[in-house]
Each structure stands twice: as structure tokens, then as C-alpha cells.
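Numbering (this note's numbering), first residue to last: -17 to 139. Backbone N, C-alpha and C define an ideal beta-carbon position, used for all residues, glycine too. I have placed the structure first, in the form of C-alpha cells, so that the comments after it can refer back to it.
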């Protein structure tokens, strides 16, 4: 009976280990060496265009890597933005393409402590999510409301 209990416990632990989300070592290494997002705290309250936020380190290279061919569309959809906002450990910006707020938009989030970025990009009313490896960033209430209003969300990368 004791042997059966031990085998059952080991089976449950192995199933849990297989199902838990883990960042592959090569992605964890790349993320650990990514430029720190801590400098974003200095820009809270400023508009991305005024500080060239998307075209400067630490974001330009990371956004290009994350979004690939969609980086330029992100820039277009961030032409009309609010300022960089901080909500606890998360800094974010919301934006849209001029005169296309309902169908062309973007949301950028940076979790400072974990050094990860997350982007939602809406193109032709279809929302796609892009994020660096790791657990999902806890959304500030304003962003959560926006994402829910932009449903149905299609696509995830």
C-alpha cells in the first residue's frame, strides 16, 4: 500500500512538472541579457513621440525582435498616444492610428521588475497579442478594460 502511495505521488508530481509553463533555457538567457526596462520609470508622464520611446534603447531592439514584420505597423498605431503611465510595477502606453481608433490600435506594457514587454496590436479590427517569455503580465485596470472592449481577440504569438 505504501509503495502504491509513493508511486501515485510520483506520478502526480511528474504530470505537474510536465504541465507547468517554463521558459526554455535559450529564451530565459536572452531575456536575462535583454536591456533593463528600469529606465522607463524616468519617462512616466511623457509622451512617446517627445522622447522617441519606440526608436531608442532599451525598446527599439526588443520591439523589433518581438514584433518582427509588424514593428512598423506598431509605430503607425502608436502615432496618437497618451503619456507613459505607471501602475505599480507596470508601465504602459495606449495608442491608435490617426483617424482609425476603432480598427487600428496598440497597447504596450512593460513589467519593470521581471524585465518583460507585452504588446497588443489591432490591425483591421483583429487584435493580436505578442509577449516575451514568462507568465502573463498582470494588466492594469485601464488596460484590462481596453483589451476586453477590443474583443474578440484573435491570434496570439
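Whether residue i touches residue j by CB criterion (8 Å)
i: residue 88; j: residue 70; result: no
i: residue 114; j: residue 48; result: yes
i: residue 66; j: residue 36; result: no
Distance, residue j Cα to residue i Cα
i: residue 104; j: residue 73; result: 20 Å
i: residue 61; j: residue 127; result: 21 Å
i: residue 46; j: residue 53; result: 6 Å
i: residue 13; j: residue 68; result: Note that residue 13 has pLDDT 49, beneath the 50 cutoff, so the model's placement of it is unreliable and no number is given.
i: residue 116; j: residue 101; result: 14 Å
i: residue 132; j: residue 109; result: 7 Å
i: residue 96; j: residue 31; result: 25 Å
i: residue 98; j: residue 80; result: 28 Å
i: residue 82; j: residue 59; result: 9 Å
i: residue 27; j: residue 122; result: 16 Å
i: residue 33; j: residue 39; result: 11 Å
i: residue 63; j: residue 18; result: 23 Å
i: residue 118; j: residue 29; result: 25 Å
i: residue 51; j: residue 16; result: 20 Å
Span of the alpha helix (DSSP H), counted from its first residue to its last, around residue i
i: residue 29; result: Counting along the chain, residue 29 falls outside any alpha helix (DSSP H), and DSSP gives it neither H nor E.
i: residue 47; result: 41 to 49
i: residue 123; result: 123 to 131
i: residue 57; result: 53 to 59
Unbroken beta strand (DSSP E) run spanning residue i, endpoints
i: residue 91; result: 87 to 93
i: residue 171; result: Since the first residue shown for the chain is -17 and the last is 139, residue 171 is missing from the structure and cannot be characterised.
i: residue 78; result: 72 to 78
i: residue 68; result: 67 to 69
i: residue 111; result: 108 to 113
Inter-residue CB distance, residue i and residue j (contact presumed, cutoff 8 Å)
i: residue 85; j: residue 111; result: Actually they do not touch by this definition, with Cβ atoms about 17 Å apart.
Closer than 7 Å: residue i CB and nearest the ligand GTP heavy atom
i: residue 131; result: The ligand GTP is not part of the structure shown, which contains no ligands of any sort.
Segment contact flag, the stretch 13 to 27 with the stretch 89 to 98, C-beta cutoff 8 Å, min 3 pairs: yes
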